[in-house]
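Structure first, commentary second.
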Amino acid sequence: MITILGPTACGKTHYATRLAAKIDGEIISADSRQVFRNMDIGTGKDLSEYVVDGKLIPYHLIDIRNPGEEYSVFDFVSDFHNAYNTIVSRRKTPILCGGTGLYLSAILQHYEFSKVPVYRDFHEEMNAFEHADLITRLQVLKSVHNTTDFKTKQRTIRALEIALYEKNQPVSNFPKIEYETVFAIFPPRNVVRHRITQRLKTRLNTGLIEEVESLIQQGVPTERLLSYGLEYKFVTQYLLGNISKDELLKHLNIAIHQFSKRQMTWFRKMQREGVEMTIVEPLS
């Protein structure tokens, strides 16, 4: 397997599809939002990039869930292995491509997972407690590094449920995937900043707002759209009347730049932890 990673707007898809065309490969997307249908502009699917010299490059884990559905890193890892096995069975080369650090680390650093069922009775029982008490219980059970577990009461209950389950059940492991090369596209910061701003302006002028309006009309809750962050969060706030059009561009542009920096922090951490990367230039 070959991996291509980098921050948003660095040209990963362009690089991956051209490589796939040369080596007869198939692409597995490692993007936490491209799994959702009808979320095309905001997630930057760029499906036209998958046609190279008139030939469609096969891709996986794009448009596999309806917007508003839950999709976890466990779901991704499970779907990844299914896609990987399918590609290998066809004697093709899998190319993992994306910018969601957690998804990439889960594969390249061989995270261990267990599929924990949801017990409604447990959720109802825990819901009667104060959020602070639930956080304390979770901290007693395990060392908590993922502070997003505390973001909402329901997330904390789910984290508590998982911790209790894993304490009493064996962890089910996915097989380790051997990979040859990790190509990292890390353009200079000024280049990335320019690309992010120009791309955002283009998206706002070519249907991003209308895309989010359509999702709301399809019945996707605004709370769910806000949780998707970045484009979907800020456009939803604009449609709800909470921010102006100028504020939308300004605040969203800043948020994407900050997101890009967080991606680079994650990738550098992967390097420090032993994931060897070959730095390559974006294709023109």
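Last residue of the sequence shown: number 290 in our numbering, and the count goes up by one each step with no gaps. Glycine residues also receive a C-beta, built at the ideal position from the N, C-alpha and C atoms. Quick caveat, the model's predicted, so the values are computed rather than measured.
Query                                                                                                                   : Result
Euclidean distance between Cα positions of Glu219 and Ile68                                                             : 21 Å
Inter-residue Cα distance where the pair is Gly74 and His257                                                            : 24 Å
First and last residue of the uninterrupted alpha helix (DSSP H) at Thr23                                               : Lys18 to Ile29
DSSP three-state assignment for Arg71, whether helix, strand or coil                                                    : strand
Phe80 to Phe86 span [Cα, whole Å]                                                                                       : 10 Å
Residue environment, Gly225, which counts as buried when at least 16 other CB atoms sit within 10 Å                     : exposed
CA-to-CA distance, His200 to Glu118, given in whole angstroms                                                           : 38 Å
Extent of the continuous alpha helix (DSSP H) run through Ala89                                                         : Val79 to Ser95
Rounded separation between Tyr65 and Val58 - CA only                                                                    : 13 Å
Rounded straight-line distance, which links the Cα of Gly235 to that of Phe128                                          : 29 Å
Within 8 Å, strictly: CB atoms of Leu214 and Glu237                                                                     : yes
In chain order, each alpha helix (DSSP H) run of at least 4 residues that lies wholly inside the segment 140–210        : 159–174
Residues of its chain near Arg205, where Cβ-Cβ distance is below 6 Å and the 5 sequence neighbours each way are ignored : Ala15
Spatially closest choice to Thr187 from Val83, Ile33 and Glu282, by CA coordinates                                      : Glu282
DSSP state of Ala15 mapped onto helix, strand, coil                                                                     : coil
The segment 45–62 touching the segment 131–141, judged by at least three CB pairs closer than 8 Å                       : no
Counted within 10 angstroms of its Cβ, other Cβ atoms place Glu216 as buried (16 or more) or exposed                    : exposed
Ser35 - partner residues in DSSP beta bridges                                                                           : Cys103
Cβ shell of Tyr125 (< 7 Å), same chain only, five flanking positions each side left out                                 : Glu167
Beta-carbon spacing of Gln223, Pro13 below 8 Å                                                                          : no
Secondary structure of Ile215, DSSP reduced to three states                                                             : helix
Counterpart residues of Phe42 in DSSP-defined beta bridges                                                              : Arg71
Whole-number beta carbon distance between Leu114 and Tyr171, since they are thought to touch under 8 Å                  : Rounded, the Cβ-Cβ distance is 26 Å, inconsistent with contact.
Presumed contact (8 Å Cβ cut-off) between Ala165 and Leu144, rounded CB distance                                        : 6 Å
Proximity below 8 Å, CB of Val198 to CB of Ser266                                                                       : yes
Ile262 and Ile202 closer than 8 Å at C-beta                                                                             : yes
Glu260 - containing alpha helix (DSSP H), residue span                                                                  : According to the sequence as given, residue 260 is Ile; it is not Glu. First-last of the alpha helix (DSSP H) with Ile260: Lys251 to Arg278.
Span separating the alpha-carbon of Ile33 from that of Leu102                                                           : 6 Å
Local conformation of Ile47 per DSSP, three classes                                                                     : coil
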